[in-house]
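Notes follow the structure.
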Amino acid sequence: MKRYDLRHLKDDFYDRMVELIDQGLKVDEVGIFMFEVGDFSSIQKSADVIKETGHELMNSLKFNEVDWTVVVKKASDEDAKARKEALAASKQEAEESASEEA
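Below you can see the structure in the form of structure tokens.
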């Protein structure tokens, strides 16, 4: 398990978080990322970024009054690819469903 403090990056930590997951963690290793919460949109965006990369978001919680942590488990390349494909298929299905209703 590794812990990373990304608070100094303010709301521009997403690329660095993905870089650290990809290069700093081993497959199935857990990383804890701390970042500063501004308007709370960064919480959902961080979860979305992790999901889009195919890794597993294990937890997301308030650390103190201004900081947040997310706990991420690095997926293997095969698992990450499968999760990305499933997410893309789900989005496609939702778009098709929405266009049929319109």
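Reminder that position 4 of the sequence shown reads as -15 in my numbering, one-by-one numbering, no gaps. We put the CB at the ideal spot given by N, CA and C, even for glycine. Note that this is a predicted model, so its numbers are computed, not measured.
{"Query": "Is the beta carbon of Glu39 sitting closer than 8 Å to the one on Val(-1)?", "Result": "Residue identity check: residue 39 is Met in the sequence provided, not Glu. Their beta carbons are not under 8 Å apart, which means Met39 does not touch Val(-1) by this criterion."}
{"Query": "Are Asp(-8) and Gly35 close, meaning C-beta to C-beta below 8 Å?", "Result": "no"}
{"Query": "Starting from the C-beta of Lys32, find all residues in its chain whose C-beta is less than 8 Å away, skip the five residues before and the five after it, and write them out in chain order.", "Result": "Leu38, Arg64 and Leu68"}
{"Query": "Of the residues Glu82, Ala79, Ala61 and Val52, which one's Cα is nearest the Cα of Phe16?", "Result": "Val52"}
{"Query": "Taking the C-alpha atoms as reference points, what is the distance between Asp3 and Glu81?", "Result": "38 Å"}
{"Query": "Taking 8 Å as the threshold (C-beta atoms), are Ile13 and Ser41 in contact?", "Result": "no"}
{"Query": "Can you round the beta-carbon distance between Trp49 and Lys43 to whole angstroms, since I take them to be within the 8 Å contact cut?", "Result": "6 Å"}
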